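In what follows, a single structure is set out as structure tokens and then discussed.
Number of protein chains: 2
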Amino acid sequence: MNGRPLKDIRTPPPPDYVIAQSVEPLPIQEIAKASGLDASELDLYGQFKAKVRLGVLGRLQSAPNGKLVVVTGITPTSLGEGKSTTTVGLSQALGAHLGQRVFTCLRQPSQGPTFGIKGGAAGGGYAQVVPMEEFNLHLTGDLHAITAANNLLAAAIDARVFHEATQSDEALYRRLTAKPFSAIMRKRLRKLGIEKTDPQSLTTTERRRFARLDIDPNTIEVRRVLDTNDRFLRSVQIGLAPTEKGYERLTGFDITVASEIMAILALSTSIGDMRERFGRMVVADQRGTGEPITADDLGVTGALTALMRDAIMPNLMQTLEATPVFVHAGPFANIAHGNSSVLADQIALKLVGPNGYVVTEAGFGADIGFEKFMHIKYRASGCAPAVAVLVVTLRALAMHGADGGIRAGAESNMARHIENIRKFGLRCVVALNRFAGDSDTDLAIVIDVARSAGAFDAVVSSHFEHGGKGAVALAQAVMRACSAVDGVDGGGVRLLYPLEMSLEEKVSTIAREIYRAARVEWTKEAREKLELLESRGYGKLPVCMAKTQYSFSDDPEKKGAPVDFVLPIRDVRLSAGAGFVYPLVGQIQTIPGLPTRPAFYDIDVDTDSGRILGLS
Amino acid sequence: MNGRPLKDIRTPPPPDYVIAQSVEPLPIQEIAKASGLDASELDLYGQFKAKVRLGVLGRLQSAPNGKLVVVTGITPTSLGEGKSTTTVGLSQALGAHLGQRVFTCLRQPSQGPTFGIKGGAAGGGYAQVVPMEEFNLHLTGDLHAITAANNLLAAAIDARVFHEATQSDEALYRRLTAKPFSAIMRKRLRKLGIEKTDPQSLTTTERRRFARLDIDPNTIEVRRVLDTNDRFLRSVQIGLAPTEKGYERLTGFDITVASEIMAILALSTSIGDMRERFGRMVVADQRGTGEPITADDLGVTGALTALMRDAIMPNLMQTLEATPVFVHAGPFANIAHGNSSVLADQIALKLVGPNGYVVTEAGFGADIGFEKFMHIKYRASGCAPAVAVLVVTLRALAMHGADGGIRAGAESNMARHIENIRKFGLRCVVALNRFAGDSDTDLAIVIDVARSAGAFDAVVSSHFEHGGKGAVALAQAVMRACSAVDGVDGGGVRLLYPLEMSLEEKVSTIAREIYRAARVEWTKEAREKLELLESRGYGKLPVCMAKTQYSFSDDPEKKGAPVDFVLPIRDVRLSAGAGFVYPLVGQIQTIPGLPTRPAFYDIDVDTDSGRILGLS
């Protein structure tokens with residue numbers, strides 16, 4: 000668990016995949032053993048990946064937790080600030096250079112963008128998870144399982160609408176009951192207040208109520224998903240074949256990580272919890288009554304759970320310096336909560352023990368990923384962070400500072416994020432992710448501003464160039480911050496809103512306290528939706544803001560620390576299974592496209608060695 | 000490799016998943032070791048599945064092959080004749096009861112139908128591959144890799160059309176060459192006869208030729224795929240979002256196993272061969288010139304290979320009686336060739352050695368799966384079968400016999416299949432897959448008819464009820480048939496057409512010799528396509544008939560052994576990467592739908608044990 004320092008470090012660093020392939024990873028069984036996992040708790044996936052069985056949580060039930068370090072960032076730019084790289088570098092420093100017990104928890108990236116613009120997400124330079132090609136491609140198939148589950152759900156909805164539209168009550172009921180009532184059918188009967196077990200014994204009315212979900216096709220909110228950057232699927236008309244008899248419908252595809260199934264995976268605490276959440280998913284409204292139709296009503300809950308049974312186990316990998324990593328779940332950070340799984344954090348905290356560290360990453364900037372980490376993930380996991388690390392880069396600060404330069408960027412954007420983090424009762428360590436060519440003077444300015452703004456410390460880190468060795472000072476600052484915390488189990492942690500607050504007030508609170516908006520403006524549609532959700536009993540859920548990551552405001556062009564802006568809420572949606580309501584701030588793109596020169600042009604396989612080339 | 004006989008057999012057999020879960024499978028390493036595989040040749044996927052590295056073929060290069068037994072069937076009915084079950088039962092008998100070295104090669108089933116009508120495909124009763132839930136769900140992710148690869152290709156085509164349509168030559172070229180020419184770009188330059196390496200040195204004309212593929216959107220033949228029974232995706236209008244600026248297009252989705260990527264996986268003999276085949280795939284025609292545009296031209300070949308790098312390794316599992324099984328590739332049996340992978344057969348034949356048996360299954364009836372096994376798969380693998388097993392059931396024969404009953408069904412449909420198999424120079428052993436309630440008199444009639452029709456032997460087999468023990472007589476007949484064969488390496492094997500024959504003559508030969516059609520009728524469109532393909536140099540490929548499996552003819556209602564019918568060819572398509580031309584006989588449904596009561600209603604997970612329930 001303490002890792003193994005890198006030996007040969009080249010300057011400047013070669014391409015990511017070349018670095019990754021220059022180190023022979025340890026067999027994953029060795030990583031597992033050093034982490035305190037029993038061999039019987041592993042399902043191997045090749046030599047360098049394993050799934051960890053949830054039984055480990057039972058075994059370590061009474062063990063004390065380690066300290067949880069959450070890594071977040073300033074408002075990101077399109078250049079990338081290196082949050083994953085810092086998460087990995089910090090872990091390598093803690094383990095391989097400072098001898099601490101450490102675990103890293105990362106999101107699994109969407110596979111689509113690997114072939115588009117972004118490239119991979121396993122970190123970079125000498126701070127990477129390896130084998131990076133397995134991290135970026137397929138991993139152990141969790142995203143594929145989500146694609147399969149989501150699309151089974153979507154197919155079940157349209158098929159049901161079709162069968163109901165084209166069959167009489169009698170034919171529908173006869174076919175549905177061609178076999179005895181299954182468990183999920185009996186659940187629906189109970190929901191309808193029909194206490195019968197023999198299909199023959201239902202009255203005509205009861206048969207109709209059981210067999211007809213009467214889904215209003217205009218209310219279907221489940222979109223299909225693919226883990227591909229396929230812009231032509233953003234909006235599609237389906238059901239155009241003659242066999243669908245004219246029941247065509249306008250819908251669209253999202254990227255797989257935007258599926259509610261993914262958000263559920265990330266928030267579930269057990270397979271039973273996951274199954275309950277799947278069953279609660281609202282897929283559409285009933286015609287006339289407006290009642291929510293759930294996955295349970297469709298009868299598909301058990302099948303979804305079967306498809307996701309293995310995906311719920313966190314995936315064990317390693318850093319370049321042989322410290323252990325969980326890669327597990329990666330929900331979209333806008334329409335969902337953008338954090339890796341609750342289970343990975345929970346298991347890792349038990350494994351490192353009371354003197355150890357779990358470094359976990361929250362997506363996008365601290366106004367989004369970190370806020371959701373606290374209000375959504377922490378509520379589900381019960382695992383409070385001891386400290387937050389805020390990743391900054393000079394080039395991003397320069398962009399935020401505009402004419403005022405790096406200092407202005409630090410005083411505006413960075414300072415506000417530091418303040419926000421402290422509102423949650425947490426210490427904030429600023430990590431300056433150093434790039435070749437950064438000036439010492441500029442770095443000193445930022446450190447100065449960070450401390451003035453209330454950071455516990457601010458440290459330059461060069462893990463991209465030097466691996467864990469380059470992040471030792473950062474790791475030491477993090478350790479100091481943790482040791483100074485009273486009650487690492489969340490004694491000092493505060494949330495900004497209670498669940499009892501109305502949905503509207505929750506949104507206002509985030510807008511005011513985190514974004515610093517002057518006020519929130521609701522469209523008529525959004526306000527109606529809000530009232531509907533409150534009236535249906537979803538008012539006690541946390542809110543998950545779907546906002547651009549490129550600004551505190553709704554306008555990605557407003558860099559720095561905008562004030563006096565109005566936050567417009569276009570619509571409000573429900574993820575009843577994941578357990579949050581998500582207000583849409585402007586248009587959110589949920590499936591990317593391929594650029595003119597996609598990354599795939601550079602990706603290949605060496606057919607002799609089988610090595611994958613060209614991933615970055 | 001010899002397996003372990005079942006101990007407790009219940010009568011009547013409980014549901015498939017109950018039987019499967021009543022036996023604790025051996026750790027897959029033990030199966031591998033007994034099969035002669037080195038531990039270093041395995042990539043484990045959990046406890047009971049492993050991928051086998053292709054290096055084993057090099058190690059065993061000079062080892063002699065075992066005997067290949069191909070299992071096929073009479074014209075199937077919607078009831079299912081138990082071909083997979085017989086394949087597994089025969090293997091269990093050979094290994095666990097007769098002490099022979101044996102390997103089974105099966106297709107990986109599509110996951111979609113598991114939740115629809117069909118249920119799983121791991122065999123049934125006491126003749127199954129286990130764990131059957133892992134066989135039926137995800138396996139090691141090969142189908143998911145195909146989905147990802149196919150859809151990356153599809154997205155790349157539409158994105159390219161879009162970028163070319165919305166950018167000037169100059170902008171397009173500038174973006175494509177923002178980085179140096181990659182290897183695949185240099186390949187395209189060579190194809191265009193441009194021997195330059197510096198992007199700046201190309202002339203304006205050369206830039207245009209390089210940058211503009213000029214795909215005619217009406218000729219795009221790549222459809223998207225999903226491994227879901229989603230009828231609403233059969234025909235879809237894509238590109239309807241405002242961001243696609245009106246470049247909408249009508250297309251559709253197929254089920255994943257219908258992808259050309261799957262056919263390529265099944266026919267490839269190495270990772271290099273697979274990469275070459277991917278590159279050759281024709282995705283559309285060029286506007287004006289009509290030249291074929293390939294995956295190489297799109298620059299996506301290397302990325303497809305990277306996505307499929309692990310999928311090319313066969314998946315090792317085991318039967319209920321602990322004999323080894325390869326589950327690898329499962330191309331559609333109509334628009335593709337319907338057989339498991341060449342690599343699985345090749346590796347298995349080396350592993351069993353000269354006295355051992357490899358039992359491999361061909362999809363659909365012998366008029367389709369077996370014919371393609373000989374003309375397409377055997378040509379790619381070089382592995383000739385020693386004998387063919389023809390699976391029949393009384394209930395199917397009764398359906399084929401109509402008013403004439405079982406005897407008429409046997410004399411018509413079964414007899415013709417026996418004759419057809421013998422045309423290839425092969426002995427045919429008829430396996431009567433016994434069902435509870437079958438009458439001994441009827442079985443005796445069928446044995447009699449089979450022998451008269453030229454079968455080497457005909458044997459009743461009760462593996463569904465009794466496992467390998469019930470298939471001992473069948474296994475003994477197969478062994479006798481093999482031992483009597485002169486030159487098991489294909490000395491006696493004949494093909495019905497040489498590759499030099501024209502495409503039209505190849506189709507006529509199959510129609511005449513196998514289907515017994517009076518003649519072939521081509522639509523104008525089909526004939527033009529035929530001429531086009533001949534003129535483009537695809538005339539020397541084998542043909543892969545896309546015909547209903549439910550009749551020798553094009554009409555699924557014509558049971559028995561129809562004569563004097565006309566075989567209509569509606570269209571002709573090309574799979575240049577897989578290496579065949581497929582004429583479409585009538586309409587072929589390439590993505591199934593969900594019925595009113597889908598199988599998913601009965602599928603669930605026991606949240607305590609994690610066991611998947613209700614799969615059949």
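Protein chains in written order, with numbering that gives the first Met the number 0: chain A, 0 to 615; chain B, 0 to 615.
A virtual CB, placed ideally from N, CA and C, is assigned to each residue, including glycine.
Here the structure is a predicted model, which is why all the values come from computation and not from measurement.
Give the C-beta separation of residue i and residue j to the nearest angstrom, bearing in mind that I take them to be a contact with Cβ-Cβ under 8 Å.
i        : j        : result
ARG248/A : ILE237/A : 6 Å
ALA430/A : LEU393/A : So it is not a contact: roughly 13 Å between Cβ atoms.
LEU105/B : VAL445/B : The Cβ separation is near 26 Å, so there is no contact.
MET131/B : ALA19/B  : 4 Å
So for residue i, helix, strand or coil by DSSP?
i        : result
THR674/A : This structure cannot settle anything about residue 674/A, because the visible part of chain A is limited to 0 through 615.
ASP437/A : coil
MET280/B : coil
PHE579/B : strand
ILE611/B : strand
ALA430/A : strand
SER39/B  : helix
ASP603/B : strand
LYS371/B : helix
TYR172/B : helix
ILE214/B : strand
VAL160/B : helix
ARG223/B : strand
GLU512/B : helix
GLU556/B : coil
LYS523/A : helix
GLY298/B : coil
Name the DSSP beta bridge partners of residue i, please?
i        : result
LEU249/B : GLN236/B
VAL324/A : THR103/A and MET316/A
SER574/B : PHE579/B
THR293/B : VAL281/B
VAL128/B : THR318/B
GLU360/A : VAL70/A
ASN338/B : ALA361/B
ARG518/A : VAL565/A
Could you pull out every residue in the same chain whose Cβ sits closer than 7 Å to the Cβ of residue i, ignoring the five residues on either side in sequence?
i        : result
PRO561/B : SER550, PHE551 and SER552
ARG206/A : ASP168 and TYR172
GLU259/A : MET280, SER574, GLY576 and ALA577
VAL519/B : VAL506, SER507, ALA510, LEU566 and ILE568
PRO26/B  : GLN46
Excluding the five sequence neighbours on either side, which residues of its own chain have a C-beta within less than 6 Å of the C-beta of residue i, listed in chain order?
i        : result
PRO541/B : HIS374, ILE375 and PHE579
By Cβ distance, which residues of its chain are closer than 8 Å to residue i, with the 5 residues on each side in sequence left out?
i        : result
ILE193/A : LEU201, GLU205, ARG208 and PHE209
ALA144/B : LEU306, MET307, ASP309 and ALA310
Can you list, in chain order, the residues of the region 554-565 of chain B whose Cβ is nearer than 7 Å to any Cβ on chain A?
Result list empty, no residue passes.
Output needed in chain order: residues of the region 260-281 of chain A with a Cβ under 8 Å from some Cβ in chain B.
Those residues of the region 260-281 of chain A that come within reach of chain B (Cβ to Cβ, closer than 8 Å) are SER269, ILE270, GLY271 and ARG274.
Determine which residues of the region 40-68 of chain B have a Cβ less than 8 Å from any Cβ of chain A, and write them out in chain order.
Listed by position along the chain: ASP42, LEU43, TYR44, GLY45, GLN46 and LYS50.
Below 7 Å between beta carbons is the criterion; list the residues of the region 227-242 of chain B that meet it against any residue of chain A, in chain order.
Those would be THR227, ASN228, ASP229, ARG230, PHE231, LEU232, ARG233, SER234, VAL235, GLN236, ILE237, GLY238, LEU239, ALA240 and THR242, in chain order.
What residues from the region 181-193 of chain A come within 9 Å of chain B, judged by C-beta to C-beta, listed N to C?
For the region 181-193 of chain A, which is checked against every Cβ of chain B, the residues closer than 9 Å are SER181, ALA182, ILE183 and MET184.
Members of the region 304-316 of chain A near chain B, C-beta cut-off 8 Å
Going along the region 304-316 of chain A in chain order, one finds THR304, ALA305, LEU306, ARG308 and ASP309 with a Cβ nearer than 8 Å to chain B.
Using a beta-carbon distance cut-off of less than 7 Å, what residues from the region 96-122 of chain A approach chain B?
Cβ contacts with chain B: GLN110 and PHE114.
Where the region 147-158 of chain B meets chain A: residues whose CB sits under 8 Å from a CB there
Going along the region 147-158 of chain B in chain order, one finds ALA147, ASN150, LEU151, ALA153, ALA154, ALA155, ASP157 and ALA158 with a Cβ nearer than 8 Å to chain A.
Contact set between the region 344-363 of chain A and chain B, restricted to residues whose Cβ is under 7 Å from the partner
So the list is empty, because no residue satisfies the distance condition.
Which residues of the region 318-337 of chain B have a Cβ closer than 8 Å to any Cβ of chain A? Give them in chain order.
Cβ proximity to chain A below 8 Å picks out nothing from the region 318-337 of chain B.
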